[in-house]
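Numbering (the working numbering), first residue to last: 98 to 263.
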C-alpha cells in the first residue's frame, strides 16, 4: 500500500509539473530566462518522496515546458530539475533540513541552468541572467512551498518529517 501511495503522490506531482508551465503566466527576461511562478514547487515536494520520485518529477517538468511551447533553451533549463531534485532528495535522506536543502541547491540550480544554455546561446549576458534569475526564482518557490511542506509535516506522514522542514 505504501508503494502505491508514493507512486500516486509522484504521479500527482508530475501532473502539476506538466500543468504549471502550460497554465501559469511567464515572466521573460532576455532570450533564455523565463520565470513561471510555482514551477519548482512540485520539485521541492518530490524531494521528500525520495530520489526516484524527484527524478520522475524533474522529467515531468521537462515535458511540461516542452508541451507549453516555450523555447528550447527554457526546456533544456527545466531538465536541470532532475539533478536538483535528486540532490535535494539525497540531502533530505541524510536528515538535512528543508531550509538548508533549499539554500544548498539554489546556487547549484542557478549554475546548472546557466551551463545548460551556454552550448545553445553562448556564454554571454543570458548566462548571468539565467544564473541569478534562477536562484531568485528558486528562493521564491521555496517560500511558496514552505507552508505546504509544513502542513504536510503536520499530517504525520513519515515522508514529511518535521525535523526535515526547519
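No residue lacks a Cβ here, since even glycine has one placed at the ideal position from N, Cα and C. Here the structure is a predicted model, which means the values were calculated and not measured.
- In the three-state DSSP reduction, residue 145 falls in the coil class, being neither helix nor strand.
- When 213, 202, 189 are compared, the shortest CA-CA separation from residue 246 is found for 189.
- The C-alpha of residue 147 is placed about 30 Å away from the C-alpha of residue 224.
- Between the alpha carbons of residue 161 and residue 122 lies a distance of about 14 Å.
- Within the DSSP bridge table, the entry for residue 126 names 130 as partners.
- The Cβ atoms of residue 110 and residue 143 sit closer than 8 Å to each other.
- Residue state for residue 247 is assigned as helix, using DSSP reduced to three classes.
- Across the structure, residue 203 and residue 240 are spaced so that their CA atoms are roughly 13 Å apart.
- Secondary structure at residue 118: helix, using DSSP grouped into helix, strand and coil.
- The three-state reading of DSSP puts residue 190 in helix, counting H, G and I together.
- Assignment of residue 181 by DSSP, reduced to helix, strand and coil, places it in the helix class.
- Cβ-Cβ separation between residue 154 and residue 139: approximately 5 Å, consistent with a contact (criterion under 8 Å).
- By the C-beta criterion, the segment 218–234 is judged not to be in contact with the segment 112–121, since fewer than 3 inter-stretch pairs fall below 8 Å.
- In the DSSP annotation of this structure, the continuous segment of the alpha helix (DSSP H) that includes residue 210 starts and ends at 195–218.
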